[in-house]
Each structure stands twice: as C-alpha cells, then as structure tokens.
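J.:
Chains as they are written, first to last, in the numbering used here: chain A, 1 to 308; chain B, 309 to 874.
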C-alpha cells in the first residue's frame, strides 16, 4: 500500500514535466511579443523592452527559457508575473477562496445528489423519480451562465437573501449562492449516477439475502444497498473535486469571486505567460492529487480492490 | 434433514409450513403473468421436503413467497401461506421481518453473489445475530461459523468474501441461515454452483446440522437424484404447477406424470447410476449417448498431448514472483471420431489444458500435436488455419454470444473471417447449420437475449460447426443448463458426432455427464493427470482415491434403484 502511494507520487514527475512543457510551449510560441502585453497601448522604449526581455528570459531560446523556469519551480521560486508581483503570493492569496468554494459545492452536490438519487432509485418509476429525472435533465441542459445569472438575479437582487456578489473577504454566507450554482450541474450527475447504481444494487442477490436474515428495511438499504452503490459516485465526486479546485471561470466571473479561475482568466486576457503556466501547473498537481485520493477512497470502499 | 423420527410429536402433528392453493402473479408491462398456480405443499416439523423442477418452473418463487421475498412486481394473488398455524400470506412487513432469520432461515443459491462483497464475513454474521436479538460478540460469530464447518473461524471472520473459495462462502451462508436456529430452512439450490465433491461435503454437513437442530428444510433443486437422496418428500413443479408429490423413492421408481417421467429419464445422476446398475446386473444398456468407437481403428489419433506443462508467474510483493504450476506434465490423446473427457474440480487445471489445446494460451513446455503437427510451433498464418479445424464451445451461453450480434451474424462471422464463400453461399450454410442444431431458420434475425439458455447453446454449437472443424472443444458446455436441456444438448452433440465424424474434447466437473458421453476419461487433480482410461474402466474400477471420491460425490450415488428403473 505504502509502495503504491510512493509509486503514484513518482508518477507525478513525468506528468508535471509533460504538462509544464506543453503549457509553456503553447503560451510562448504564440505569435506576438509578450512584452507588448506589459507595455500596453502606449508602448515602451526599446531600452525598457530589452530590459523586460532579459528579466523574463525572453531573449533566450525556448529550451533555455523552459529549463530556467523549471529551475525556478524546483527551488520554489515561481518568479513574478508581468506586473512584478510574486506568483506564489498570488496563488496563496486566491487559492483558499477557490478551495472553500469547491468544498462547499462538493458537499452540496454530494449530499443532495446522493439523498435525492437514493430516494428516486428506491422509488423507481414513481412520481418523485420521474420529476427528479426531468429536473436534473433541465439542470444539465441549461448552460451554467444562464443558471448563474438567473439565481443571482432572483436570490441576490430580487429577494435580497444574500449579496449578489462576493466581497474580498469571501465569507461563508456570501459563497453559499455561488457554491450552489457551481454544484448544481454535478448535483444532477451525482443524482443520476446514484439512482442508476441504487436500482442496480437493490435487486442484487446479497440484498435479498440480507433481507432474509431478518434485517430491517432501513438497515438493508443503508448498509447493503447504499454503501455498494456509492462506489461509482465517489469516483465521480473525486474527479469533480479536482475540477472544482481548478476554479470555475464562469461562476467566479458572475459572482465576482477573487479565486483561481478569475485570476487565470485575467492572466490569459493579459497574455501574462509566467502566471498562466504557473497556475495551470499548480492545477494539474491538484488534479493528480485529487485522483490519487479517489483511488485510495475506492480501495477503502471496495475491499476487492487492493493496490500493490 | 433428519432421518430420525424422534423429534416428531405424537398424535396429529401440525404442519410447520403449509401452502394452500398458492398462486403468484408477476405484473409486467404486458399485463399479469401467472408464475405459480394452485401450489400445495406441506412441511412437517423436522422434515425435509424437496421442490424439483427446471428453471422457470416456479420452484424458487414458491419458496421465496414463504418468507415474503418475492421481487417487487410479484404478489400472492390467491391461496394462503400458513407458518406454524399462523396465516402469514398478507402479514405486515413488521411481522415478516420478525419471522425472517429467527423462524425461517434461508441459504441462497449462488455463494458468489449472495455475500455483500464490501463487508467482512464476520460482520455479515454478526448483523444477523444482532437483528434477531442474539448475543453477537466475536466468539458468538466464530461459534456460528465453525458450526457450519468453516475451519479457523475466528480469523476467517475477519476476511472478505472474495478471499473465500466457493465452498467456504457457501459454508458462511449456511452459518448465516442457521445462526438464529430457525425452525424452517429454505435452501435454494444450495450447492448447484459448487464442485461435486464440495457439494457432497456441504450437503452432508447441512444434513447433520439440521438433524441436530431439528430444523425442517425446504430444499429447492433441479436434480431429482439429489432430491431423492436428501429429502423425505419430493414435490415436482412444472410450468408453475405442482404436477406430482410424494415420498422420494416412490416418485423415482414410479413416476406418474409425464414430466416426472422425463425428469427421471434424463437426470444425469440417475442416468449414471442406472448405467452402473445395468453394468452390475449384466443388462445391456443403450443409455450411452456417444456412438461406439467403431469409426476408430485405434491408430488414427487426431490430437496428441505430450508432457504439457503450464507455469504461471504470480506477482508477489516487492517485484518477487512465485511459480504456480497450473498444468504439470499432462499427456493424453484423442482418437478421431471419439470423445475424451477431462474431469476435475475447479482449480485442477482442466480449463487451462483446453485453452492450450485451442492455442489461446501458450504452453510452458511439452507439445500438442494436431494431425501430427505440433501447434506450439505454428506461425501466425498456420495458426489461423489451425483455428478453422479446432473450434470451442464454452460454458456460459449467456456470456459467450455477443449481445449486439443477431444469430445470423454470430454464426456467419467465422465464415466471413475465414473468407469462405460469398454472401449467398454463407447464408445457405447458416440455414443448414441452424437446421443441424434443430433451430428454425426464422431464428436468424433474433438476438441472444431473446433466446433461452438451451437455444443459445445450440447457437454456440452452430457457430462452432460453421467452419466444418474436425475437433470441437467443449469447456463445461452443458454445466450451465437445466437437466432436460442438458440431455437434449448432449444428444445433439452425440448425433453430430456420428453424422460428421467429429472428435470432442470434453472439459467438465460433472462425472455424471462424462459417463453419458465420453469414450475416454482423464482425471486431473491439482494440475496433474492422476488417472485415465476407457470410461467404463475408470467408472467401474477407479484406481486412485481421488477418482473414487469424485465418483462417490455424484448426487444419487447412495440411492439403491430397483432393477426395473435401470
């Protein structure tokens, strides 16, 4: 088991190298002068441009640039962005907000998705099941920005239950609405996944045997149906956590959340190469770790799976 | 399954379970479908009653209704279920839950799927004890498990189902079924998924336990021989109705209903027993399905296996690997136009032999000569030609047919792959093949899920025969089928053999089947070939203890049949 985890961490190395190389290559091989983004409309003097080029190693060939970047990362120096702020500081600033938002969204989608899916699965074909299925289909079909603006308008502006946008503090109550919007689509998927899984398991032989042992219906459902049904759901949730941690560009944009997604979006708009590469690399690592977490959870839920 | 009468009360005893005029209906999208009609059944305290029938006869449905375990769309539409004087036909959910486990226990059919894979065995026993208000400490759990014959129960309780063999799982399920000392145990084909020798051990143990506890048993089985051997009374069900009921041996010797007569005629265990009796009494028997070895002159060997060995590397921790010898120096040969059976329990390596002969698995050492050519040395193209001449039929007709291919495409595929003929001639061939396996050609457009198990196996045979092979390898080809269907398929295989001069390599764990079809038997144990010879010789005078044990384990072996049955 320990060996398995070590191996999984070792696997992160090629993933990290490949991903940074690819992102670095894409960002820096784009046509146009990277310094133009820093200088803006008015332009800089040739001397300033040369200085900037030297500062960001833009005067070096691609490979040298990449290796210098790697050296920086390995010495925990992500460098500065084009505005001169240390990138590590920026990530440390915005990531907690995104993480808070992601965890809230995950809890919401997991709780409601599993509960609704369980009830729908146990009452397959009944009214509750059918209406929940139609609703979840609508949620999946409607684009996230429509849902986002709609809920912002209704709950934030019309009903005024909460602030329509999130302040710099990003308090729990402020984040609730964006978390709901963020979790909504995954909620629909979790619901459908749980429902299907429950329907499959409720007719399993071991469930019938459990009933024949004289267990109460509630115990049969919770201990024998639900736990077995959660295995695929957990896989989905784990992968989703990785995606959520990467920040939601649209949702963070709508609610003005100062998170990873928003920062990445601005960096792309500004052509801020070092910033984009660093954030994307960071996100890739988070995603890999989330996947590792899923695999470990999977083994815990299903003892037939053993890693060696 | 007490054979003593000591625990039966004197006077007029009250039945423990009584089914009166029971009718069970399933509601489907096509309306109500009756599954069971007018079923009568009485189980006295301490008595063993067997319900015998083929799948779909309603035998399991009847038994499950007694503890309210009908599937969601099933309901008791008429009649009543009386347990110990109490009408529980429409009892409340609460009352039924009270009865389950403590008064009526169940041992289900398939040990592989009836234990929850994510909980430890001990946990699954413990919750049974707890739900029925019994002490459920670790020592209680261990006691229940060791009573069911599970060795080293205390530490075994901490293992998961997938770490258990089939026999051990079934013991765990028996432990669960009897843990709360129920007065009635419903045993639904408790051993049909197990090897014969394990089957015997488990049934013997179940006998002893229920006798000691005075538990009545409702045994559900498709094997009349097994029922007759284990039960006091046998109830035969056919198409949802009880067609005959009575004391076991009487039913076997004097079956009145045509269906019972057919069952008696085709149950492999009884058929095998009948041959045995016939041999002993010197009666000439025509029961053997396989044609006599007239076509063979003893020298024309189609397949010759010599010193065949297969070693698997099993990965251990830290990159170390240990060798596991699945097949160890096995030699046998198949004469053209005859049937050779390889018999053994699961894990004996018999299927690995089949895979190597088919060229699906490489041999570690040794040779397999087909028509004098060693197939282990064949190149890619020669292998392709070889495959045309040796075809397999596998065990599970549900898994071995592609559900997305219709029957025509399934049978035509090998012809197309090997570039035989054009579209018209291929269609003609498929029609011929369907005719040979006695399926209507209208079947061509259907898909596997629309066919019964027997029909699917016929399709699998047609597919195997499409390329006019010389050798057909049947890997447990009839094990998944009901006895009657099994007899039909065996007959079909025998007819095809005499018609087409096929040679069969028959891989099976079922000695009763071997006796009916094989000319030659090779017995395997743990990878080695322990005994081989002509079928009659091996059956009449088995040389090794292992073969003797296998033979003794055929259900019904303990039956003494009067000569007129034989």
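For glycine and all other residues, C-beta sits at the position ideal for the given N, C-alpha and C.
With burial defined as no fewer than 16 other Cβ atoms inside 10 Å of the residue's Cβ, what is the status of residue 143 (chain A): buried or exposed?
T.: Here the question's residue 143 (chain A) lines up with position 143 in the first chain. Exposed, by the Cβ-count rule.
J.: Is the separation between the beta-carbon of residue 495 (chain B) and that of residue 414 (chain B) shorter than 9 angstroms?
T.: Here residue 495 (chain B) corresponds to residue number 187 of the second chain, with the count starting at 1. Here residue 414 (chain B) corresponds to residue number 106 of the second chain, with the count starting at 1. In contact: residue 495 (chain B) and residue 414 (chain B) (Cβ atoms closer than 9 angstroms).
J.: What residues match up with residue 386 (chain B) in a beta bridge as DSSP calls it?
T.: As a first step, residue 386 (chain B) is located in the second chain; it is residue number 78 there, counting from the start. Answer by DSSP bridge pairing, in chain order: B:331.
J.: Quick one: what does DSSP say residue 705 (chain B) is sitting in, helix, strand or coil?
T.: For the purposes of this step, residue 705 (chain B) is identified with residue 397 of the second chain, where counting begins at 1. Three-state result, residue 705 (chain B): coil.
J.: Please classify residue 349 (chain B): does DSSP put it in a helix, a strand, or coil?
T.: Position 41 of the second chain, counting from 1, holds the residue named residue 349 (chain B). DSSP places residue 349 (chain B) in strand when its eight states are reduced to three.
J.: Is residue 450 (chain B) buried or exposed, if buried means 16 or more other CB atoms sit within 10 Å of its CB?
T.: Position 142 of the second chain, counted from the first residue, corresponds to residue 450 (chain B). Burial call: buried.
J.: Taking a Cβ distance cut-off of 9 angstroms, strictly less, list which residues of the region 195-219 of chain A are near chain B, in chain order.
T.: 202, 203, 204, 205, 206, 207, 208, 209, 210, 211, 212, 213, 214, 215, 216, 217, 219
J.: For residue 267 (chain A), count neighbouring C-beta atoms within 10 Å of its own C-beta (all shown protein chains included) and say buried if the count is 16 or more, exposed if not.
T.: Translated into the one-based positions of the first chain, residue 267 (chain A) becomes position 267. Buried is the call here.
J.: Quick check on residue 17 (chain A): buried or exposed, where buried means 16 or more other Cβ atoms within 10 Å of its Cβ?
T.: Here the question's residue 17 (chain A) lines up with position 17 in the first chain. Exposed is the call here.
J.: What is the DSSP secondary structure of residue 288 (chain A), counted as helix, strand or coil?
T.: Within the first chain, numbered from 1, the residue matching residue 288 (chain A) stands at position 288. Three-state DSSP puts residue 288 (chain A) in a helix.
J.: Could you tell me the distance, in whole angstroms, from the CA atom of residue 336 (chain B) to the CA atom of residue 380 (chain B)?
T.: The residue you call residue 336 (chain B) lines up with position 28 of the second chain. The residue you call residue 380 (chain B) lines up with position 72 of the second chain. Their backbone Cα atoms lie some 11 angstroms apart in a straight line.
J.: Identify the continuous beta strand (DSSP E) that holds residue 637 (chain B) and give its terminal residues.
T.: To locate residue 637 (chain B), count along the second chain from 1; it is residue 329. For residue 637 (chain B), the enclosing beta strand (DSSP E) covers residues 629-643.
J.: Are any of the Cβ atoms in chain B nearer than 9 angstroms to that of residue 10 (chain A)?
T.: For the purposes of this step, residue 10 (chain A) is identified with residue 10 of the first chain, where counting begins at 1. With 9 angstroms as the cut-off, residue 10 (chain A) does not count as an interface residue toward chain B.
J.: Can you find a CB in chain B that lies within less than 9 angstroms of the CB of residue 231 (chain A)?
T.: Along the first chain, read from residue 1 onward, the residue named residue 231 (chain A) stands at position 231. Output row for residue 231 (chain A): interface = yes.
J.: Quick one: using the 10 Å Cβ neighbour count with 16 as the cut-off for buried, is residue 720 (chain B) buried or exposed?
T.: Within the second chain, the letter at position 412 stands for residue 720 (chain B). Classification for residue 720 (chain B): buried.
J.: Check whether the Cβ of residue 301 (chain A) lies closer than 9 angstroms to any Cβ atom in chain B.
T.: Taking the first chain and counting its residues from 1, the one referred to as residue 301 (chain A) is at position 301. Chain B, which has a Cβ nearer than 9 angstroms to the Cβ of residue 301 (chain A), makes this yes.
J.: Restricting to Cα atoms, I'd like to know which of A:26, A:62, A:208 is closest to residue 225 (chain A).
T.: The residue labelled residue 225 (chain A) in the question sits at position 225 within the first chain. Selected option, being the one with the closest Cα: A:208.
J.: Any idea what DSSP makes of residue 840 (chain B), helix, strand or coil?
T.: Position 532 of the second chain holds residue 840 (chain B). Residue 840 (chain B): strand per DSSP, three-state reduction.
J.: Near residue 161 (chain A), what residues of its chain come up, given a Cβ to Cβ distance below 7 angstroms and the 5 sequence neighbours on each side ignored?
T.: Reading the first chain from its first residue, position 161 is the one you call residue 161 (chain A). For residue 161 (chain A), where only same-chain residues beyond five positions count, the Cβ hits under 7 angstroms are 155.
J.: Assign residue 420 (chain B) to one of three DSSP states: helix, strand, or coil.
T.: As a working note, residue 420 (chain B) is residue 112 in the second chain. Correct three-state label for residue 420 (chain B): coil.
J.: If we count the other Cβ atoms within 10 Å of its Cβ and call it buried at 16 or more, is residue 401 (chain B) buried or exposed?
T.: In the second chain, the residue the question calls residue 401 (chain B) occupies position 93. Residue 401 (chain B) is exposed by the Cβ-count criterion.
J.: Bridge partners for residue 528 (chain B) per DSSP, in chain order?
T.: In the second chain, the residue the question calls residue 528 (chain B) occupies position 220. Paired residue(s): B:359, B:496.
J.: Any Cβ of chain B within less than 9 angstroms of the Cβ of residue 119 (chain A)?
T.: For this step, residue 119 (chain A) is matched to residue 119 along the first chain. So, not an interface residue.
J.: Touch check for the region 383-395 of chain B and the region 329-343 of chain B: three-plus C-beta pairs under 8 angstroms?
T.: yes
J.: The beta strand (DSSP E) with residue 153 (chain A) in it runs from where to where?
T.: The residue labelled residue 153 (chain A) in the question sits at position 153 within the first chain. No beta strand (DSSP E) contains residue 153 (chain A), which DSSP labels as neither H nor E.
J.: List the DSSP bridge partners of residue 541 (chain B).
T.: Walking along the second chain from the start, residue 541 (chain B) turns up at place 233. DSSP, once it has assigned bridges, lists B:357, B:555 as partnering residue 541 (chain B).
J.: Using only alpha-carbon positions, find the residue among A:125, A:127, A:132, A:101 that is nearest to residue 116 (chain A).
T.: The residue labelled residue 116 (chain A) in the question sits at position 116 within the first chain. Among A:125, A:127, A:132, A:101, the Cα nearest to that of residue 116 (chain A) is on A:132.
J.: Return helix, strand or coil for residue 344 (chain B), following the three-state DSSP convention.
T.: Here residue 344 (chain B) refers to the residue found at position 36 of the second chain. Three-state result, residue 344 (chain B): strand.
J.: Can you check DSSP and say which residues form a bridge with residue 326 (chain B)?
T.: As a working mapping, residue 326 (chain B) is identified with position 18 in the second chain. According to DSSP, which records beta bridges pairwise, residue 326 (chain B) is partnered with B:350, B:390.
J.: Leaving aside the five residues before and after residue 597 (chain B) along the sequence, list all residues of the same chain whose C-beta is less than 7 angstroms from its C-beta, in chain order.
T.: For the purposes of this step, residue 597 (chain B) is taken as residue 289 along the second chain, with counting starting at 1. Low confidence applies here, because residue 597 (chain B) scores a pLDDT of 47, under 50, leaving its location unreliable and the question unanswered by this model.
J.: By Cβ distance, which residues of its chain are closer than 8 angstroms to residue 179 (chain A), with the 5 residues on each side in sequence left out?
T.: Counted from its first residue, the first chain places residue 179 (chain A) at position 179. Taken in chain order, the residues that qualify are 101, 104, 105, 108.
J.: Identify each residue in the region 252-282 of chain A for which the Cβ-Cβ distance to at least one residue of chain B is less than 7 angstroms, and report them in chain order.
T.: none
J.: With DSSP as the reference, please indicate the residues paired to residue 614 (chain B) in a beta bridge.
T.: By 1-based counting over the second chain, the position of residue 614 (chain B) is 306. Residue 614 (chain B) is bridged to B:675.
J.: With 16 other CB atoms within 10 Å as the buried threshold, where does residue 516 (chain B) fall?
T.: One-based indexing of the second chain puts residue 516 (chain B) at position 208. Around the beta carbon of residue 516 (chain B), fewer than 16 other beta carbons sit within 10 angstroms, so the residue counts as exposed.
J.: Go through its chain and collect everything with a Cβ distance to residue 288 (chain A)'s Cβ below 7 angstroms, but skip five positions before and after it.
T.: Numbered from 1 along the first chain, position 288 holds the residue referred to as residue 288 (chain A). Same-chain partners within the cutoff: 12, 15.
J.: Looking only at its own chain, which residues have a Cβ that is under 8 angstroms from the Cβ of residue 23 (chain A), when we skip the five neighbours before and after it?
T.: To locate residue 23 (chain A), count along the first chain from 1; it is residue 23. Taken in chain order, the residues that qualify are 276, 277, 280, 281.
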